[in-house]
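Asker:
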Amino acid sequence: MLNMTPKEIFERKALRINPAKTCQPIGALYASLGIHNCLPHSHGSQGCCAYHRSHLTRHYKEPIMASTSSFTEGSSVFGGGANLRQALKTIFQVYDPEIVAVHTTCLSETIGDDLPSLIKKAREDGIIPEGKFVIHTNTPSYVGSHVTGFSNMTAAMVKYFAKKNGASKDTINVVPGYVEPSDMREIKRLVGQMGIKYILFPDTSDVLDSPQRARFSMYPKGGVKIEDLKDTGSSKITLSLGKFASEGAATLLDQMCEVPYKVLDLPIGIAATDRFIEALIEVTGKEPPESITDERGRVVDIMTDMLQYFHGKKVAVFGDPDQVISMTEFLVHLGMKPVHIVTGTPGKYFERRIKEIVKGVVDNPNVKAFGDLFLLHQWIKNEPVDLLIGNTYGKYIARAEDIPFVRFGFPILDRIGHSYFPTVGYRGAMRLLEKMLDALLDRQDRDAPDSKFELVM
Amino acid sequence: MNGVVLKERTGQVYEKGAGPFKLQCNLDSLPGAVSQRACVFCGSRVVLYPITDALHLIHGPIGCAVYTWDIRGALSSDRELHRFSFSTDLREKDVIFGGEKKLEAALLELIERYNPEAAFVYSTCIVGIIGDDIGAVCKRVSKKTGIKCIPVQSEGFKGNKRAGYEAACRALINLIGDGDIEGISPFSVNILGDFNLAGEIWIIKDYYRRMGIEVVSTITGDGRVKDISRAHGAKLNVVQCSGATLALAKMMKEKYGIPYIRVSYFGVDDMADALYRVADFFKDRQIMENTKALINDELNKLYPALKEFRRELAGKRAAIYVGGAFKAFSLIKAFRLLGMKVVLVGSQTGTKEDYEELEAITDPGTIIVDDSNPLELSEFLKEKKVDIFVGGVKERPIAYKLGIGFCDHNHERKEALEGFIGMYNFAKEVYSTVMSPVWRFVPRKEG
Ligand code: SF4
Ligand code: SF4
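In the order they appear, the protein sequences are chains A and H.
Per this note's numbering, residue 1049 is the first one in the first sequence, and the count goes up by one each step.
Per this note's numbering, residue 42 is the first one in the second sequence, and the count goes up by one each step.
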């Protein structure tokens, strides 16, 4: 029997059951893959790296490259300096990346390896060849979550490269947040269609959705170029999408190079996408082309066609905070009632923001940052919902409670194709609408007795 | 072939026929390599995970628990406790002040909630560093609750996956010996080293039943603590595959005098051989007759079906890169049975003896590798013009990027590949992959 969650809710202090988050390095690894010609490097024992690669492989169905310092018992006593030096030698000799992005693991954090000095020494000793780069970030997993890791590595890109070099005053920086390659592609398309010059970082499109070419390439063609990362310091403004994953890089750019910034929600759903487009208009003075207005119009059209099916339905949502915030708002705009909302990532802002969004729609919402799926399941047992939205792990709850389920977020381990379709922008909104309605109506069809089984719905 | 092999790794790659055979193995991976290898914790988690009525609590930061949360299809015939993810989710504060209190509280709480038959507590790297004494906590909680709590000393950095298998075996031996062994048949075995992926253990158990042999416990696929506690009452341990539970079989031999044999349930010859060797062991006419009848029966069904596949697959080329080398032996034979040629074979954790055996049974020109990396593998696959690649999670997309078919023979298989029916499933899977029209759309392969 898979349903082993009791209904009554009890205080748990020491225990996490069925987590709704994972550890920092995997987020850092994912962000690193969004730099052109970059090999992510995990400074710790090989197990973590193997897990992070497997997990990302299961989600993206793409080869995930990353090297490891392969700590042994010795390194955990004497420090991992020697391992890192050997690793850098091997990496540049054999895999020849342009840049190595190092993140730590719990182990190297706990023994306290000082990465900046190790990297500096390696540079002085000629281990890092001329014209090649090594950057790093600290990602202890006993702090934050995979989203924090993503944010930290994105900030490291700024820290190592951003310069006020007078490059291009009318370029804007866009930090897309922890989203799919297809989402990054969609954000670029929208900004591009508005005729705006931009630097998007990180950018995993064309890295983790690369086409079949009958060859294996360590470094597929995508990823933000180092030249562009340098120029971010001279951009006009930074738009950071998603507070949790993207604010860190923006504030750092502001501190270092005085590039002002705006933090927006991830453009998921219609209102958040509107705000994104409005922000683009505001900071560049450019108007969206008709094609974008048409897209928006089509979303509204679909919403009107569907509204009666969505209205008043109760929903539970979980996942990464930035995604969940925007999704919750979208649900509210569809007339639905998001009653249980959980993210595994810690952060008080999440609870505040969600409560603000559902105010006047749901009286006493259950909202928790730093929660887990066990708690979410308990909430659902106490107040059932009509729809569950979240990553693959939600399938246990969906099955136990027999709830229609829409897969959304990271990771999705049991379906294929999700990383090719965006959930951001107006196109993303259309796709989400279709998925949600299909889930609800498939369920209605399945449950209907013959007498109520209809052809036209 | 040496173009892509790291200088430091040349000792771990060998092309059969090119000079005398010598292969280094069981080395630590070279720092900086994109290794496919995992850690001690991973090894022990994999082995113990399918014990379905035990609690599996991971003492460490969250990632270690998440990445091992129900990722293998080790099926259970009733309880499902093993499929939940329990973690102490260590935070900064715990790392500084120690996590023993938190662990104890978590363990007590879970035992009260779920009343498991036993509890395994896994230590991860960080626990090794901060020095929490999980053994002491387990002892205290066992005393308080009467539930056997077993520490699994699986700090990741202390070695590779193989070391994890041994840590798991050391944990398992604690479970054995408590149960009542009255009434166990003189013709009885334990099944070791099978994880019931895609329900495979149910196939094998059925064979034993038809032979007239009692299966006392299955360790660890579809495993139950009560059965395992009676394992010392069986007359023979049958260890499947190379690595995982061999150490346990050795411990049981020493402690309880139970002999063991190593078998493989993959492929026709090895499957038949496994059953005959078990029958031989018991020296009983009836059992031998049952075994012969069973095997004849199965082969009569299987061969005509295989012939069809063989006609089209003959001459196609296969590459194998798997966790344990023992599985590779069976795979080589299975491909031969389909008329296919194995041109590359490698493993993550093979031992010296394993590789010697591989060298003995492969054709000249076959590449043999230990602990390989994606760059090497992809070069070899191209060079050897492979039609199908057999491997694990991380190898699948590499094969697809090259425009080559793939078969998962590791944790993620969805079809049972053991037993006679498993050979049929395997042939069917290889066939449907290799012959798929999809490959016609792959851009023309270069060079
Ligand atoms: S921290 Fe250690 S135990 Fe956990 S996955 Fe990494 S290597 Fe394995
Ligand atoms: S040890 Fe830390 S970094 Fe490694 S998998 Fe576990 S949580 Fe993640």
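A virtual CB, placed ideally from N, CA and C, is assigned to each residue, including glycine.
If you're wondering where the values come from, they're calculated on a predicted model, not measured in any experiment.
Rounding to the nearest angstrom, what Cα-Cα distance links A/Asn1221 and A/Cys1086 in this structure?
Answerer: Numbered from its first residue, the first sequence carries residue 1221 of chain A at position 173. Numbered from its first residue, the first sequence carries residue 1086 of chain A at position 38. Approximately 20 Å, taken between the alpha carbons.
Asker: For A/Phe1198, collect the residues of the same chain with a Cβ closer than 7 Å to its Cβ; drop the 5 residues on either side in sequence, then sort them by chain order.
Answerer: Walking along the first sequence from the start, residue 1198 of chain A turns up at place 150. The answer, listed in chain order, is Gly1075, Ala1076, Tyr1078, Ala1079, Tyr1226 and Ala1293.
Asker: Chain H beta carbons: is any one of them nearer than 9 Å to that of A/Gly1092?
Answerer: Numbered from its first residue, the first sequence carries residue 1092 of chain A at position 44. True, the Cβ-Cβ gap to chain H drops below 9 Å.
Asker: Indicate the three-state DSSP secondary structure (helix, strand or coil) for H/Ile232 in the structure shown.
Answerer: Residue numbering aside, residue 232 of chain H sits at position 191 when the second sequence is read from its first letter. Correct three-state label for H/Ile232: strand.
Asker: If you run the structure through DSSP and keep just helix, strand and coil, what is A/Gln1260?
Answerer: As a first step, residue 1260 of chain A must be located in the first sequence, where it is residue number 212. Of the three classes helix, strand and coil, the one that applies to A/Gln1260 here is coil, per DSSP.
Asker: For A/Ser1093 versus H/Ile103, is the C-beta distance shorter than 9 Å?
Answerer: Walking along the first sequence from the start, residue 1093 of chain A turns up at place 45. Walking along the second sequence from the start, residue 103 of chain H turns up at place 62. Not in contact: A/Ser1093 and H/Ile103 (Cβ atoms no closer than 9 Å).
Asker: Contact between the region 93-101 of chain H and the region 257-267 of chain H is defined here as three or more beta-carbon pairs at a separation below 8 Å; is this criterion met?
Answerer: yes
Asker: Is H/Cys210 near ligand 4, with its Cβ less than 8 Å from a heavy atom?
Answerer: Ligand 4 is not part of this structure, which contains only ligand 1 and ligand 2.
Asker: Please report how far the alpha carbon of A/Val1504 lies from the alpha carbon of A/Val1454, in whole angstroms.
Answerer: Locating residue 1504 of chain A in the first sequence gives position 456, counting from the first residue. Locating residue 1454 of chain A in the first sequence gives position 406, counting from the first residue. Looking at the two C-alpha atoms, the distance is approximately 23 Å.
Asker: Check whether the Cβ of H/Val107 lies closer than 9 Å to any Cβ atom in chain A.
Answerer: On the second sequence, residue 107 of chain H is found 66 positions in, with the first residue counted as 1. Output row for H/Val107: interface = yes.
Asker: Just the Cα atoms here: how many angstroms apart are A/Glu1228 and A/Arg1263?
Answerer: Here the question's residue 1228 of chain A lines up with position 180 in the first sequence. Here the question's residue 1263 of chain A lines up with position 215 in the first sequence. Cα to Cα, A/Glu1228 sits roughly 23 Å from A/Arg1263.
Asker: If you follow the beta strand (DSSP E) that H/Asn278 is in, where does it begin and where does it stop?
Answerer: In the second sequence, the residue the question calls residue 278 of chain H occupies position 237. Element bounds for H/Asn278: Leu277 to Gln281.
Asker: Nearest by alpha-carbon distance to H/Ser183: which of H/Leu354, H/Tyr306 and H/Phe161 is it?
Answerer: The residue given as residue 183 of chain H occupies position 142 in the second sequence. Of H/Leu354, H/Tyr306 and H/Phe161, the residue nearest in Cα terms is H/Phe161.
Asker: Who are H/Glu459's beta bridge partners in DSSP?
Answerer: Working through the second sequence from its first residue, we reach residue 459 of chain H at position 418. Partner(s): H/Phe307.
Asker: Nearer than 8 Å: is that true of the beta carbon of A/Leu1155 relative to any heavy atom of ligand 2?
Answerer: By 1-based counting over the first sequence, the position of residue 1155 of chain A is 107. Yes; taking the cut-off as 8 Å, the Cβ of A/Leu1155 has a heavy atom of ligand 2 nearer than that.
Asker: Can you pull out the residues from the region 1245-1257 of chain A whose beta carbon lies closer than 9 Å to at least one beta carbon of chain H?
Answerer: none
Asker: Run down chain H in chain order and give the residues with a C-beta less than 9 Å from the C-beta of A/Tyr1099.
Answerer: For this step, residue 1099 of chain A is matched to residue 51 along the first sequence. Chain H residues near A/Tyr1099: Ala79, Cys80, Cys83, Gly104, Cys105, Val107, Tyr108 and Thr109.
Asker: Can you find a CB in chain H that lies within less than 9 Å of the CB of A/Met1113?
Answerer: As a working note, residue 1113 of chain A is residue 65 in the first sequence. Yes, its Cβ sits closer than 9 Å to a Cβ of chain H.
Asker: Hey, out of A/Ile1175, A/Ala1215, A/Asn1186 and A/Asp1486, whose CA is closest to A/Tyr1004's CA?
Answerer: Because chain A in this structure spans residues 1049 to 1505, residue 1004 of chain A falls outside the shown range and cannot be described.
Asker: Whether or not the region 1359-1368 of chain A and the region 1315-1332 of chain A are in contact is what I'm after, with contact meaning three or more pairs of Cβ atoms, one per stretch, closer than 8 Å; do they touch?
Answerer: no
Asker: With 9 Å set as the bound, which would you pick, yes or no: does the beta-carbon of A/Leu1436 sit closer than that to a beta-carbon of chain H?
Answerer: What you label residue 1436 of chain A is simply residue 388 of the first sequence in a count that begins at 1. Cβ-Cβ to chain H under 9 Å: no for A/Leu1436.
Asker: Nearest to H/Ser419 by alpha carbon, out of H/Val386, H/Glu398, H/Val88 and H/Ile462?
Answerer: On the second sequence, residue 419 of chain H is found 378 positions in, with the first residue counted as 1. Considering only alpha carbons, the answer is H/Val386.
Asker: Following a CB-centred definition, is A/Pro1073 positioned closer than 8 Å to any heavy atom of ligand 2?
Answerer: For the purposes of this step, residue 1073 of chain A is identified with residue 25 of the first sequence, where counting begins at 1. The answer is yes for A/Pro1073.
Asker: Flag this pair as yes or no: are the beta carbons of A/Ile1247 and A/Ser1283 separated by less than 9 Å?
Answerer: Indexing the first sequence from 1 puts residue 1247 of chain A at position 199. Indexing the first sequence from 1 puts residue 1283 of chain A at position 235. Cβ atoms of A/Ile1247 and A/Ser1283: closer than 9 Å.
Asker: With 7 Å as the limit, tell me which residues of the region 1147-1176 of chain A have their beta carbon closer than that to any beta carbon of chain H; keep them in chain order.
Answerer: Answer in chain order: Cys1154, Leu1155, Thr1158 and Ile1159.
Asker: Is the beta carbon of H/Val304 sitting closer than 9 Å to the one on H/Ala275?
Answerer: Against the second sequence, residue 304 of chain H aligns to sequence position 263. Against the second sequence, residue 275 of chain H aligns to sequence position 234. No.
Asker: Below 8 Å on the Cβ atoms is my guess for H/Ala359 versus H/Phe376; work out the distance and round it to an integer in Å.
Answerer: The residue given as residue 359 of chain H occupies position 318 in the second sequence. The residue given as residue 376 of chain H occupies position 335 in the second sequence. Contact holds; Cβ gap of about 5 Å.
Asker: Taking 9 Å as the threshold (beta carbon to beta carbon), is H/Arg481 in contact with chain A?
Answerer: Here residue 481 of chain H is taken as the residue at index 440 of the second sequence, counted from 1. Cβ-Cβ to chain A under 9 Å: no for H/Arg481.
Asker: Express the C-alpha separation of H/Glu56 and H/Glu424 in angstroms, rounding to a whole number.
Answerer: Within the second sequence, the letter at position 383 stands for residue 424 of chain H. Within the second sequence, the letter at position 15 stands for residue 56 of chain H. The straight-line gap from Cα to Cα measures roughly 13 Å.
Asker: So the candidates are A/Lys1396, A/Leu1379, A/Arg1261 and A/Asp1313; which of them puts its Cα closest to the Cα of H/Leu494?
Answerer: The structure shown does not extend to residue 494 of chain H, since chain H spans only 42 to 488, so no value can be given for it.
Asker: What first and last residue would you give for the beta strand (DSSP E) that runs through H/Cys66?
Answerer: One-based indexing of the second sequence puts residue 66 of chain H at position 25. From DSSP, H/Cys66 is part of no beta strand (DSSP E); its letter is neither H nor E.
Asker: Is A/Cys1086 close to chain H, meaning its C-beta is less than 9 Å from at least one C-beta of that chain?
Answerer: Walking along the first sequence from the start, residue 1086 of chain A turns up at place 38. Not closer than 9 Å to any Cβ of chain H, the Cβ of A/Cys1086 fails to qualify, so no.
Asker: Determine, for A/Ile1139, whether the minimum Cβ-Cβ distance to residues of chain H falls below 9 Å.
Answerer: Here residue 1139 of chain A refers to the residue found at position 91 when the first sequence is read from its first residue. Yes, contact with chain H.
Asker: Could you tell me whether the Cβ atoms of H/Gly364 and H/Gly433 are closer together than 9 Å?
Answerer: Looking up residue 364 of chain H in the second sequence gives position 323. Looking up residue 433 of chain H in the second sequence gives position 392. Cβ atoms of H/Gly364 and H/Gly433: closer than 9 Å.
Asker: Step through the CB atoms of chain A and report whether any lies within less than 9 Å of the CB of H/Tyr55.
Answerer: By 1-based counting over the second sequence, the position of residue 55 of chain H is 14. It does not: the Cβ of H/Tyr55 has no partner Cβ on chain A nearer than 9 Å.
Asker: What does DSSP give as the partner residue(s) for A/Asn1221 in the beta ladder?
Answerer: Locating residue 1221 of chain A in the first sequence gives position 173, counting from the first residue. BP columns for A/Asn1221 point to A/Ile1247 and A/Thr1286.
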